[in-house]
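The C-terminal residue of the sequence shown carries number 672 in the numbering used here, and the numbering is unbroken. Cβ atoms here follow ideal geometry from the backbone N, Cα and C, with glycine treated the same way. The model shown is predicted, which means the values in this text are computed figures rather than measured ones. These notes are about the structure you will find just below.
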Amino acid sequence: MSYHADERGYYGEFGGAFIPEMLYPNCEELRQNYLQIMAEPSFQEEFHQLLKDYVGRPTPLYFAERLSKKYNAKIYLKREDLCHTGAHKVNNTIGQILMAKRLGKHRIIAETGAGQHGVATATVCALMGIECVVYMGEIDIARQAPNVARMKMLGAEVRPATSGSKTLKDATNEAIRDWINNPVDTHYIIGSVVGPHPYPDMVARFQSVISEEIKSQLLEKEGRENPDYVVACVGGGSNAAGAFYHFLDTPEVGIIAVEAAGKGIHSGESAATSALGKVGIIHGSKTLLMQTPDGQITEPYSISAGLDYPGVGPLHAHLYTSGRGEFISITDDEAMKAGLDLCKLEGIIPAIESSHALAIFKDRKFAEDDVVVVNLSGRGDKDLQNYIDYFKL
């Protein structure tokens, strides 16, 4: 079985491009060109040069000694929190801005939830001198104020999404509307492995630098390229897709995807798509989606602004239904405690998204010599207010 997108953008039964006719030319232009452009030596050279000199890659693979001792396994942290802008998101925005330039686009739009993708998009637009508009839900603007300020300092216009739940889903809707109205000069930088083909595949390929580095770094540290398990949090799922990518076809590497259970999977306030989702179509892709019995999208909830998406990328839907991936749901409380745990054990303040991935060790047991790589997708600066409020610091 393949875990990569086929030529029509399907992962098993999930994926594809379910888009209004108005968007067909945009997606088709991208689909016909993205692999060819990415394969060009000049593209690869510029991409990797920027990843090295601007983003600061390779990011370290850090052996978390005290965490490992506590949970009786060999736990390594892939330090995406040390990327420029504070998260893995910039790997993809660098790739996509170079793609947009080669396609002759002069304006960039993006959606953002936690604000990390918005910041990463505003950053590369500033770097390249390209106009940038970021759509963000009104609620997310309020709870991620530092990131909003960063985007504005970087020269981006932040437009609030005021419909629906006023979060990521609604920001995405607004961005898609903008793209329909400005099809010729605008490129839409989607921040996750969601949306119509070729986005899930393209974003996964740009993020695959994470697992590429894990392999060479583990070889150096453990004398082997493959861990026993690789763990990552999943909202839409780009950090996870990047961390899993080079291990997808290696069955001996266990893949663990961690979703946000919010206040409990069946509490009505959750974002655990694998447990609650049914097959549906969202933002141009067929995937697993939280919905009412009559097909209306239900509002997701998570304390983490980056994980409250009602669907999941089609790659992850395929990993779940095929059994290739093990999916674990973590509540707000479990994530927050795991985040504080990492602060006190290793001196690293993680993003709340990443804290979900760290929370599995409490109940999911590993063998003492298991090598477990956790993708630490972002740093906790943006979440300090949430941590302060939660722990009454």
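Pairwise C-alpha distance: residue j and residue i
i	j	result
Ala428	Val403	16 Å
Ile667	Gly659	11 Å
Tyr350	Ala343	11 Å
Cys622	Lys384	42 Å
Arg287	Val369	27 Å
Ile493	Glu504	8 Å
Ala352	Thr529	21 Å
Val473	Arg643	28 Å
Gln315	Asp360	31 Å
Pro477	Ser321	21 Å
Ile560	Lys500	43 Å
Asn305	Asn452	16 Å
Asn654	Lys348	19 Å
Leu498	Ile354	15 Å
Ala511	Ser517	10 Å
Gln311	Glu613	44 Å
Gly565	Gln375	The displayed chain sequence assigns Lys, not Gly, to residue 565. Cα to Cα, Lys565 sits roughly 23 Å from Gln375.
Leu568	Leu555	8 Å
Under the three-state DSSP convention, the category residue i falls into
i	result
Cys306	helix
Ile609	strand
Ile354	strand
Val650	strand
Pro439	strand
Val427	helix
Thr400	helix
Pro475	coil
Arg381	helix
Lys644	coil
Arg336	coil
Gln311	helix
Thr372	helix
Cβ-Cβ distance between residue i and residue j below 8 Å
i	j	result
Ile609	Ala539	yes
Ala284	Gly291	no
Ile459	Leu356	no
Val591	Gly515	yes
Ser471	Val482	yes
Ala389	Ile468	yes
Ala550	Ser601	no
Gly604	Ser633	no
Pro589	Thr577	yes
Buried/exposed call for residue i, threshold 16 Cβ in 10 Å
i	result
Pro462	exposed
Asp480	buried
Arg336	buried
Gln575	exposed
Thr446	buried
Asp611	buried
Gly547	exposed
Met683	Any property of residue 683 remains undetermined from this structure, which presents the chain solely from 280 to 672.
Asp620	buried
Rounded distance between the beta-carbons of residue j and residue i, thought under 8 Å
i	j	result
Arg386	Glu410	5 Å
Asp662	Ala636	That pair is no contact at about 14 Å.
Val398	Asn426	5 Å
Leu433	Ile373	About 14 Å; that fails the 8 Å criterion.
Ala405	His466	16 Å between Cβ atoms; not a contact.
Val413	Pro506	Going by Cβ atoms, the distance from Val413 to Pro506 rounds to 35 Å, so no, they are not a contact pair.
Below-8 Å beta-carbon distance, residue i vs any chain B residue
i	result
Ser490	Of the protein chains in the structure, only one exists, and it is not chain B.
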